[in-house]
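Q:
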Amino acid sequence: MNLKLQKELASKITGVGKSRIVINSAEADKVKEAITKADVRDLIDQKVITIKAAKSNSRVRARLRVIAKKKGRQRGPAKKSGRKTARSKPKDNWISRVRLQRKLLKSFKSRGLITSSTWKNLYLKSKGGFFRHKRQMLQYMEQNKLFSKK
């Protein structure tokens, strides 16, 4: 039975492609008699003409990948795109380094391990980027005998 016209009308009414329109073969005679859009609308309401769900890409592999990433997989050097600075910003590194050095100096000053003039000198050095890290700062203080004796 040729139901091309009805399929086309149904696709125009519903706004989906003709391949997604499904006509109940048991009620094909009813559909054959429907020649206007109104008739086809009634058949859609009666569930004689139905619409298939839209096909979409499977997310199975994507979900598996997410699980693997949670376990720490798929994180090797080949997966990293962009420069080194894309993941850790130089400014953020600088801020954390200077904050750590200042905190250390503050604790030394409050405990009386360094004098105010030494503190000022070291504070300005850390501000100027003289020390690359905490250990270097401590080594500098030991070499130059900047710790005051109680």
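Counted from 1, the sequence shown has number 16 at position 32 by my numbering; the numbering is strictly sequential. Each residue gets a CB set at the ideal place from its N, CA and C atoms; glycine is no exception.
1) If you draw a straight line from the alpha carbon of residue 104 to that of residue 49, how long is it in whole angstroms?
2) Would the beta-carbon of residue -11 fall within 8 Å of that of residue 7?
3) Touch check for the segment 25 to 34 and the segment 52 to 66: three-plus C-beta pairs under 8 Å?
4) Using DSSP with H/G/I as helix, E/B as strand and the rest coil, what is residue -3?
5) For residue 7, does the three-state DSSP call read helix, strand or coil?
6) Would you kindly check if the distance between the Cβ of residue 82 and the Cβ of residue 110 is under 8 Å?
A: A quick look at the data gives this:
1) 53 Å
2) no
3) no
4) helix
5) strand
6) yes
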